[in-house]
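If you read the sequence shown in the numbering used here, its first letter stands for residue 24, the second for the next number, and so on. Glycine included, each C-beta is placed from N, C-alpha and C at the ideal position. Following: one structure in structure tokens, then a few remarks.
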Amino acid sequence: MYVLIVGCLAVPAEPLDTLLQSQSLHRLRASVAVPTYDRSHLQRSIVHIGVGGFHRSHLATYIHELCQAGHRDWSITGAGVLPSDQAIADALKPQDYLYTLIVRGPQSTEVEVIGSIVDFVHASPHPDRLLASIADPATQIVSLTITEGGYPVDDISGDYLSTSPTAGPASAFGILAAGLQQRYQSGHSGLTVISCDNIPSNGSVARAATLGEAHSLGGGLADWIADSVAFPNSMVDRITPATTDSDRAWLAAHKGVNDNWPVVTESFRQWVIEDNFAAGRPPFEQLDVLTTADAKPYELMKLRLLNAGHSCLAYLAALKGIETIGAAMTCPELHDFTANFLNREARPVLPPIAGIDLDQYVASIIARFSNASIGDQISRLCLDGSVKFPKFLLPTVRAQLEAGGPIGLSALALAGWCEYLAGPPERLASDPMLDLGVSHARRAQHNSAAFLDFPEVFGDDLPRSQRFSDAFDQALRSLRERGVESAIYEALKGDRDLGDRPAD
Numbered sequence: 024m025y026v027l028i029v030g031c032l033a034v035p036a037e038p039l040d041t042l043l044q045s046q047s048l049h050r051l052r053a054s055v056a057v058p059t060y061d062r063s064h065l066q067r068s069i070v071h072i073g074v075g076g077f078h079r080s081h082l083a084t085y086i087h088e089l090c091q092a093g094h095r096d097w098s099i100t101g102a103g104v105l106p107s108d109q110a111i112a113d114a115l116k117p118q119d120y121l122y123t124l125i126v127r128g129p130q131s132t133e134v135e136v137i138g139s140i141v142d143f144v145h146a147s148p149h150p151d152r153l154l155a156s157i158a159d160p161a162t163q164i165v166s167l168t169i170t171e172g173g174y175p176v177d178d179i180s181g182d183y184l185s186t187s188p189t190a191g192p193a194s195a196f197g198i199l200a201a202g203l204q205q206r207y208q209s210g211h212s213g214l215t216v217i218s219c220d221n222i223p224s225n226g227s228v229a230r231a232a233t234l235g236e237a238h239s240l241g242g243g244l245a246d247w248i249a250d251s252v253a254f255p256n257s258m259v260d261r262i263t264p265a266t267t268d269s270d271r272a273w274l275a276a277h278k279g280v281n282d283n284w285p286v287v288t289e290s291f292r293q294w295v296i297e298d299n300f301a302a303g304r305p306p307f308e309q310l311d312v313l314t315t316a317d318a319k320p321y322e323l324m325k326l327r328l329l330n331a332g333h334s335c336l337a338y339l340a341a342l343k344g345i346e347t348i349g350a351a352m353t354c355p356e357l358h359d360f361t362a363n364f365l366n367r368e369a370r371p372v373l374p375p376i377a378g379i380d381l382d383q384y385v386a387s388i389i390a391r392f393s394n395a396s397i398g399d400q401i402s403r404l405c406l407d408g409s410v411k412f413p414k415f416l417l418p419t420v421r422a423q424l425e426a427g428g429p430i431g432l433s434a435l436a437l438a439g440w441c442e443y444l445a446g447p448p449e450r451l452a453s454d455p456m457l458d459l460g461v462s463h464a465r466r467a468q469h470n471s472a473a474f475l476d477f478p479e480v481f482g483d484d485l486p487r488s489q490r491f492s493d494a495f496d497q498a499l500r501s502l503r504e505r506g507v508e509s510a511i512y513e514a515l516k517g518d519r520d521l522g523d524r525p526a527d
């Protein structure tokens, strides 16, 4: 802290950076864009469960833009249901729930203070205030970003899993059902539940989880939810890495903003949502949001291309000790692996999608992955492999097996995951089935088939496919004997040499 000497008194000078609060916005206006609306007059109409970086770079930013355009009917009450969510509550409350969005493009960086979150409720261990917010007739939308592993629903059958660790009264869906019960018993109308997570048919999955919890509460609640609550499917997309201390330091040094938890993201964003709302909805037509009668083709495109591409690249990059996706894309072999996986294995088994040029979409993914300014962490992309691969990659493998098409790069990605799990425990990212995955990976050091004997991931069909088992075994041996670079080029050669083969 510098001081000014006035006579005999030492008077602290203005700090080099300003704490982000409502009262400091006027001082920040010269260096960053700030809200121009009166946040105290906003209607609290959205409750969002899971206030992580992605929510704040996506839905909260969209709502902020509507507020900037003069709309006062929409604002967000953030909510956390996990004990760990206390961290975001502690970060945002002293800042009056304001936060800074840092948008890093390849050539420039834009910084803006977002004001659409006006409150935060931490429901662990006491959910009463969150239940009241869901039951409040002013609430028209409950939205969620609780990660792919937060839904207690079977991937294959679509059935609610009451024994899942993400089920029960203290879970996100247990609390959602209890809040809806209060709403129902108070005689209020229904609302809309919007999942913003990367899972196929996310609205349908959210509906199954909510109804599963509602059945345990009885009293006609499940029937009321089925009739009065809407669950539109949606596709969401914006790369948002975890915030680092260097991001905070950059913001303070270059913009004079002291933010406990800013958000870093890319300039690209996309949101496709079914126009199926129980009550009012934000005027999405004024933004770059696509409303449609069926979001599933767009979901499929994004999950099997962008999300699968991230997961397939991440574990191979981790084996090379690379820390960010941008750095990985500067390696010729990893760049070639990603481009060929997307173009040769994933894209050919996608159906046509109205209004989408898949060649351009794939090219945009390569460009986005290559944006080194984002600093998207490989460690973040290695989270939850046991949940992601069955949804993102294995449908492509099954489709290519049926068509007699190439699977070598997919097999190598899975071999990379296996080797990653068999490696040093201190480098492993969290995963709901981490211990089980590590056990299979270690047994695969002596017999590659042991890793595929993992029905929670591979089901019963893929281990029985001789072609898939052989491709995985070859990829795993190549990775161990020759290293990542040679294994990639061997897999690329195998894919290019693949002629017509009978369906498996």
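C-beta contact flag for residue i and residue j at 7 Å
i	j	result
L328	A369	yes
V144	E133	no
A110	V70	no
N394	P129	yes
S68	K278	no
P14	E322	What is shown of the chain runs 24 to 527, which leaves residue 14 out entirely.
E236	G197	yes
M456	S402	no
L406	S334	no
T215	F300	yes
S147	I99	no
A473	R466	yes
S536	T263	Nothing about residue 536 can be reported from this structure: the residues present for the chain run from 24 to 527 only.
A514	G431	yes
G173	A195	yes
Q163	Q44	no
L336	V507	no
P175	S156	no
Which of helix, strand or coil DSSP assigns to residue i
i	result
V126	strand
E504	helix
V286	strand
I28	Unreliable placement is indicated for I28, whose pLDDT of 32 sits below 50; the coordinate value is still reported in the next sentence. Of the three classes helix, strand and coil, the one that applies to I28 here is strand, per DSSP.
I376	coil
L121	coil
L184	coil
A56	strand
L459	helix
V34	Legend: pLDDT at V34 = 32, less than 50; position of this residue unreliable, value from coordinates given subsequently. V34: strand per DSSP, three-state reduction.
V252	coil
T189	coil
A510	helix
T84	helix
T233	helix
When the options are compared against residue i, the one with the closest alpha-carbon
i	options	result
D108	E135, V74 and G93	V74
T315	N330, W294 and A302	W294
V286	G303, T267 and I296	T267
N470	S492, M456 and P478	S492
S227	I296, F291, Q91 and A426	I296
N330	L432, A350, S488 and F392	F392
R95	Q468, H78, Y60 and K116	Y60
R450	K343, A201, A434 and L502	K343
V312	E88, A445, A229 and F77	E88
E346	V372, A265 and E425	A265
F77	L124, D250 and L51	L124
A510	G460, A434, G446 and P160	A434
F477	S269, D458 and P117	D458
V259	V480, E171, S187 and D270	E171
T84	A231, E289, A114 and I157	E289
S63	W284, V141 and E356	V141
Q309	G93, S45, I169 and E356	G93
C219	G446, Q91, L167 and L65	L167
D359	P160, G332, D382 and A494	G332
Counterpart residues of residue i in DSSP-defined beta bridges
i	result
F143	G101
W294	V259
S166	H71 and I217
Q400	T347
E442	Note: E442 sits in no beta bridge, so no partner.
I137	Y122
A498	BP columns for A498 are empty, so no partner.
N225	Partner(s): none; N225 has no beta bridge.
V280	T41
T132	R127
V528	The question about residue 528 has no answer here: the residues shown for the chain are numbered 24 through 527.
Beta carbon proximity, residue i to chain D, threshold 7 Å
i	result
P429	Looking for chain D here will not work: only one protein chain is present.
### Task
Give, in chain order, every unbroken run of the alpha helix (DSSP H) that is at least 4 residues long and sits entirely within the region 303 to 374.
For the region 303 to 374, the continuous alpha helix (DSSP H) assignments of 4+ residues that do not extend past its boundaries occur at 319 to 325, 331 to 342, 348 to 351 and 355 to 363, in sequence order.
### Query
Could you give the uninterrupted runs of the alpha helix (DSSP H) lying entirely in the region 381 to 431, keeping only those of 4 residues or more?
Complete alpha helix (DSSP H) runs here, min 4: 381 to 392, 401 to 404, 408 to 415 and 417 to 426.
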